[in-house]
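Residue numbers (my numbering): 146 to 575.
See below for the structure under consideration.
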Ligand SMILES: *Cc1c(COP(=O)(O)O)cnc(C)c1O
């Protein structure tokens, strides 16, 4: 068993995992099962009434997934966590208990492109809407939160521009208006940044990225701080009798675990965005080495970013780990161990040279992913941020002359040599 006082390196290996009670298996087994035998009819009734916690059906809960949930809660310093099938599923699952037709979220304009599309287009089908603001503009942020706002949403370290949010200020503004702050911590991971310690209510993850760490499976998680007052009048699904669960009052019944229980009992039950136990297993394998990998990701990213910044073919590099970055000062407070390994750089030769560069790299892989042990490259404007207007692309840090890198854990010298030869083929010699 682990305690919250254990260090991160201990928790990433042990939290949520215990020897299998039936066999003693040391590694968490992949419980490849859909259903679980009830002891008797009374046991089944108690489980369905949420009077007893246990396993019913794997759309809701599964022991392998439960171990991962406990580990994610421990790593982020939350009271509970719910895992689901992808990062995008986690965002919908996080908003689901809070929202209703006519309600809105206030979101940072520096977000992963897929999230911008999900929030600006797709959630409208549910009658929800999003207002995008520059979260560094505190007046604009405060003014955007209105009586129908049910959450403020930002990324701790934004994909792809590397902007670090001033979480404490954003949390204070959200709190002043009785609204939870949801922080996407995908890029930083809980090893580099712990948003709950800076006031976040909920933390969401695409576990697809650094947490699994090797590009094998998709997964998402929502971690609850357990600190928000869901009974402030704005969140009837959590505080009033919930018709979708025979009138249960989640906040009154489960206290700080209200959000977590609601997300499993109603969110997973009715939306069905379930993480499968195989994917949970791969993700836990990745998390065991998270801190070791993140240290190397950061070390390599600093070396590559410093080298690129001095290269005459490069217009600028946006990496929060460089003193030239406007986010550099925030790194000491929010990500003292480093600013992850995702950043962008701009080529003086513009769009044409960016495309040539991507076609010339040999070690870097041209893929729409990040947070892999392999180094990855992509031209965001023509891919992940393609659905956005040019104005949105520029705000998100994905302008047409910008290339995004996710630096892996290979030898930094090899990565630099690969970029050098590709830059020569794209823009000519230094
Ligand atoms: C990839 C990503 C997502 C979406 O996650 P999926 O697992 O691909 O659904 C959300 N936020 C950020 C910051 C991401 O990088």
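Here a beta-carbon is modelled for each residue, glycine too, at the ideal position from N, C-alpha and C.
Asked	Found
Within its chain, find whatever has a CB closer than 7 angstroms to the CB of residue 439; leave out the 5 residues flanking it on each side and keep chain order.	334, 336, 337 and 355
At a cut-off of 7 angstroms, would you count residue 363 as near ligand 1, judging by its Cβ distance to the nearest heavy atom?	yes
Out of 221, 204 and 160, which has the shortest C-alpha to C-alpha gap to residue 637?	Residue 637 is absent from the model: the chain starts at 146 and stops at 575.
Between residue 453 and residue 527, what straight-line distance do the alpha-carbon atoms span, to the nearest angstrom?	22 angstroms
Between the segment 470–482 and the segment 528–547, do three or more beta carbon pairs fall short of 8 angstroms?	no
So, does the segment 204–216 touch the segment 376–390, judging by three or more C-beta pairs under 8 angstroms?	no
I need the DSSP call for residue 210, collapsed to helix, strand or coil.	helix
Can you give me the C-alpha to C-alpha distance between residue 405 and residue 485, rounded to a whole angstrom?	28 angstroms
Over what stretch of residues does the alpha helix (DSSP H) that includes residue 569 continue unbroken?	557–572
Going straight from the alpha carbon of residue 323 to that of residue 569, what length do you get?	54 angstroms
State the start and end residues of the unbroken beta strand (DSSP E) segment that holds residue 252.	249–253
Mind checking who residue 180 pairs with in its DSSP beta bridge?	202
Considering residue 185, what are the terminal residues of the alpha helix (DSSP H) in which it resides?	First-last for residue 185: undefined, no H or E at that position.
Using only alpha-carbon positions, find the residue among 298, 567, 236 and 377 that is nearest to residue 252.	298
With three or more beta-carbon pairs closer than 8 angstroms as the criterion, would you say the segment 268–277 touches the segment 220–227?	no
Determine which residues share a DSSP beta bridge with residue 151 and list them.	The partner list for residue 151 (beta bridge, DSSP) is empty, contrary to what the question assumes.
Among 458, 165, 564 and 275, which has the Cα closest to the Cα of residue 248?	275
Taking the alpha carbon of residue 327 as the reference point, which residue from 304, 523, 300 and 321 has its own alpha carbon closest?	300
One question on the structure: do residue 479 and residue 546 come within less than 8 angstroms of each other, judged by their Cβ atoms?	no
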